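**Student:** According to the numbering used here, the sequence shown holds residues -18 to 302 in order. Idealized CB from N, CA, C, for every residue including glycine. The structure presented is a predicted model; accordingly, all values stated were derived computationally and were not measured.
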Amino acid sequence: MARSGVQYDDVRRAIDRLLQQGEAPSVQKIREVLGTGSFTTINEHFREWRLQREENRDQPPLQAIPESVETLVQALWQQAQESAAEGLAHYRQEADKRVEDAESRSEQARRDAEDARQRETVLGEQLRQAQERLEDYSARIARLEAQCESASQRESQHERQIKQSEEQLQRLQAENERQGVEYQATLSRKNEEFRAQLSQEEQRHEVAEARLMTLLDNARQERQAAEKQLNQRLEIMEKRVGEVDHRLQQARRELSEAQASHRETEWKLQQAKDTLREETLRRERLEEVVTEKDDTLAQVRERLRDTEARLAKAPLPPFVC
-18 MARSGVQYDD VRRAIDRLLQ QGEAPSVQKI REVLGTGSFT TINEHFREWR LQREENRDQP
42 PLQAIPESVE TLVQALWQQA QESAAEGLAH YRQEADKRVE DAESRSEQAR RDAEDARQRE
102 TVLGEQLRQA QERLEDYSAR IARLEAQCES ASQRESQHER QIKQSEEQLQ RLQAENERQG
162 VEYQATLSRK NEEFRAQLSQ EEQRHEVAEA RLMTLLDNAR QERQAAEKQL NQRLEIMEKR
222 VGEVDHRLQQ ARRELSEAQA SHRETEWKLQ QAKDTLREET LRRERLEEVV TEKDDTLAQV
282 RERLRDTEAR LAKAPLPPFV C
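1) Does the pairing of the segment 100 to 108 with the segment 257 to 269 give three or more beta-carbon distances under 8 Å?
2) Give me the residue from -8, 115 and 209 with the minimum Cα distance to residue 28.
3) Hey, quick one: how far does the alpha helix (DSSP H) through residue 12 stretch, first residue to last?
4) Keeping to the same chain, check which residues put their C-beta closer than 6 Å to that of residue 278; ignore five residues upstream and five downstream.
5) Between residue 257 and the rest of its own chain, which residues show a CB-CB distance below 8 Å, the 5 nearest in sequence each way excluded?
6) Residue 8 and residue 321 - do their beta-carbons sit closer together than 8 Å?
7) Does the separation of the CB atoms of residue 146 and residue 201 fall below 8 Å?
8) Within this structure, are the beta carbons of residue 271 and residue 32 separated by less than 8 Å?
9) So with Cβ pairs under 8 Å, would you call residue 155 a contact of chain D?
10) Between residue 135 and residue 239, is the Cβ-Cβ spacing less than 8 Å?
11) How would you label residue 45, buried or exposed, when you count the other beta carbons within 10 angstroms and need 16 or more for buried?
12) Cα separation between residue -2 and residue 254?
13) Using a Cβ-Cβ cut-off of 8 Å (strictly less than) and excluding sequence neighbours within five positions of residue 274, which residues of its own chain qualify?
14) Using only the alpha-carbon positions, how far apart do residue 230 and residue 209 sit?
15) Determine the direct distance from the alpha carbon of residue 6 to that of residue 21, and round the result to whole angstroms.
16) Taking buried to mean at least 16 other C-beta atoms within 10 Å of its own C-beta, is residue 12 buried or exposed?
17) Does DSSP put residue 172 in a helix, in a strand, or in coil?
18) Nearest to residue 155 by alpha carbon, out of 242, 215 and 285?
19) Could you check if residue 3 is buried or exposed, using at least 16 other CB atoms within 10 Å of its CB as the buried criterion?
20) Quick one: Cα of residue -14 to Cα of residue 252, how far?
21) Measuring CA to CA, which of 294, 280 and 292 is closest to residue 1?
22) Using CA coordinates, which residue listed in 184, 243, 185 and 178 is at the minimum distance from residue 198?
23) Quick check: the Cα distance between residue 221 and residue 165, rounded to an integer number of angstroms?
24) Once the 5 residues before and after residue 213 are set aside, which same chain residues still bring their CB inside 6 Å of it?
25) Would you identify the three-state DSSP class for residue 45, choosing helix, strand or coil?
26) Please state the DSSP three-state secondary structure of residue 263.
27) Could you tell me whether the Cβ atoms of residue 250 and residue 95 are closer together than 8 Å?
28) Looking at the structure shown, is residue 2 part of a helix, part of a strand, or coil, going by DSSP?
29) Looking at residue 246: is its Cβ nearer than 8 Å to the Cβ of residue 207?
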């Protein structure tokens, strides 16, 4: 809401004064004429004046004739009275010349209005292109966000795969330790059995030495076979552990690559957002230029209507017959 320091009538009178001086009204010029008032208050009254002018644009403005125009009219009247004595032909020549000057100024005003319309068309095209670029950047940002979301999903999947590989590795290590414990228990039990058999055979050494040697050979063979089987199982387990470790390293490399891709996607997304902000600022500047051009075009049209109205209303000096 506008403050009560500067009223609408004050702003309207300042605008009328600027128009009488042949200047285009603006917030800065109105404040210079008033010598006081905030830009916000003056801008609100200026906007209201423009709205009322658009609503009443078909009605000629009711305002006092400027002093410069009155002076010009008096000079023309005096000159017409003086030239009337010199003859009707000379007066007609002067009148035709002034009509031609008025038509020339009117034509110049029409050309200015046409130039303003052309500039308005160019600015409209630039604004449309800026809007198209803005829509393109918005689509690119949407695609980058989708890529970022996909990279995040791949990263989560790689993390799950790494976790599963680590759990599998832990299970394999636990199984290896369990089998090692079982082998040590089996070996200890065999040793106990061998010792018991050896003790019995020593008691019957004289009668069963040959049998004891056979049992010892069998026991050695069984132990060697068990050790060989256990070594084979250990090699298989170590190979499986190596494969799991290789898969874990590969998954970690893929995770690192996915993280790098995710960072690059985020950087591109930020760059696209910066470009979008720049395009938004450029679009706002273009809209301000279009608004300014609209005001200038409206002023040119207003001045053209004023000129035509004054030419239509200006009384011709009486002819001296």
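**Tutor:** In short:
1) yes
2) -8
3) 8 to 15
4) 97
5) 115, 118, 119 and 122
6) Residue coverage of the chain in this structure runs from -18 to 302, which leaves residue 321 outside it and unanswerable.
7) no
8) no
9) Given the protein chain composition of this structure (a single chain), no chain D is represented.
10) yes
11) Any reading at residue 45 must be qualified, since the residue scores a pLDDT of 49, below 50, and its modelled position is unreliable; no value is offered.
12) 47 Å
13) 97, 100, 101 and 104
14) 31 Å
15) 15 Å
16) buried
17) helix
18) 215
19) exposed
20) 47 Å
21) 280
22) 178
23) 22 Å
24) none
25) For residue 45, the predicted model reports a pLDDT of 49, less than 50, meaning its position is unreliable; a value from the coordinates is still stated below. If DSSP states are grouped into helix, strand and coil, residue 45 belongs with coil.
26) helix
27) no
28) coil
29) no
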